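For the sequence shown, counting from 1, position 136 maps to 136 in full-length UniProt numbering; every step adds exactly one.
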Amino acid sequence: MFAEYATVSRRSVVKIDRGVPLDEAALFGCAVLTGVGAVVNTAQVRVGASVAVIGLGGVGLAALIGAHAAGARQIIAIDLADDKLEQARLLGATHTVNAGQDDAAEQIRALSSGGVEFAFEFAGSIRALDLAYRITRRGGMTVTAGLPPSTALWPLPAVSLVAEERTLKGSYIGTCVPSRDIPHYVDLYAQGRLPVNKLLTGRLKLDEINHGFDLLHEGKAIRQVVVFD
1 MFAEYATVSR RSVVKIDRGV PLDEAALFGC AVLTGVGAVV NTAQVRVGAS
51 VAVIGLGGVG LAALIGAHAA GARQIIAIDL ADDKLEQARL LGATHTVNAG
101 QDDAAEQIRA LSSGGVEFAF EFAGSIRALD LAYRITRRGG MTVTAGLPPS
151 TALWPLPAVS LVAEERTLKG SYIGTCVPSR DIPHYVDLYA QGRLPVNKLL
201 TGRLKLDEIN HGFDLLHEGK AIRQVVVFD
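Right, dumping it as structure tokens:
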């Protein structure tokens, strides 16, 4: 549902700096909270860490810029679409790998000297989650924020959790407290450390909304906003 005005609970309202353009402020809702929050809250990525991000939609690319802001030394971006891999490079990925290649996992492990410390899955598929787990190094953490079908099952190689001292975590809306995290992320944006505006690929009028959905379905948009005149 799209409306010019909405009534919401005061618990859902967050005060931000008046200087932030409203079309860019809109991005600090779901995508940035979920992607950046998975990196800084759920995983608590450290400066100098190696990171892989699987699934380069709006949430995955938000995680990528979050990893860059957190000081990750290596950020490997992974997706099936080459244009999204190119976008990831522009946003700070140090390496990109097309997940459709048969040896994608081997490539990633080679790039990261045996696996990354933090692997994030944002694609919402069991295959992506399995890849994320396989490219995580011993002692590393796999974080999943994608939402596969509720009936989907994943055959976890359980012994690896113990033998390799792995951590597997789910992340829901980036483990965020909006009243705490949105102002912090807006501050990072104002400092130039979190270029959320680069995720905005389109501004639409309300009567263009169906075209916007088509672009999203075709993978030709990262984040779009509806602007009311």
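The C-beta atom is built at its ideal place from N, Cα and C for all residues, glycine as well.
This one's a predicted model, so the numbers in the text were calculated from it and none came from an experiment.
Item: Beta-carbon proximity list for L27, same chain, < 7 Å, skipping 5 on both sides; Value: V196, L199, L200, R223
Item: CA-to-CA distance, E117 to A221, given in whole angstroms; Value: 30 Å
Item: Q191, DSSP secondary structure in three states; Value: coil
Item: For V59 and A128, the rounded distance between their alpha carbons; Value: 15 Å
Item: Extent of the continuous beta strand (DSSP E) run through D229; Value: D229 -> no beta strand (DSSP E), and no H or E assigned at all.
Item: Whole alpha helix (DSSP H) elements within the stretch 22-71, 4-residue minimum; Value: 22-25, 30-37, 58-70
Item: Option in L194, T175, I135 with minimal Cα separation from G71; Value: L194
Item: Beta-carbon contacts of A104 that lie in its chain and below 6 Å, excluding the five residues immediately before and after; Value: V97
Item: Short Cβ contact (9 Å threshold) for A119 with G146; Value: no
Item: Bounding residues of the beta strand (DSSP E) (the contiguous stretch that carries A119); Value: 116-121
Item: Element boundaries [beta strand (DSSP E), containing K169]; Value: 167-170
Item: Residue from V186, G174, G202 whose Cα sits closest to the Cα of D17; Value: V186
Item: Meets three-Cβ-pair contact criterion under 8 Å: the stretch 28-38 and the stretch 87-96; Value: no
Item: Residues bridged to G202 [DSSP beta-bridge criterion]; Value: Q224
Item: Nonlocal neighbours in the same chain, by C-beta distance under 7 Å from R109, ignoring five residues either side; Value: G115, I135
Item: Selection from R46, L80, N41 that minimises the alpha carbon distance to G55; Value: L80
Item: I135, DSSP secondary structure in three states; Value: coil
Item: Close Cβ partners of V226 (< 7 Å) along its chain, the five nearest in sequence each way excluded; Value: F2, L204, L206, I209
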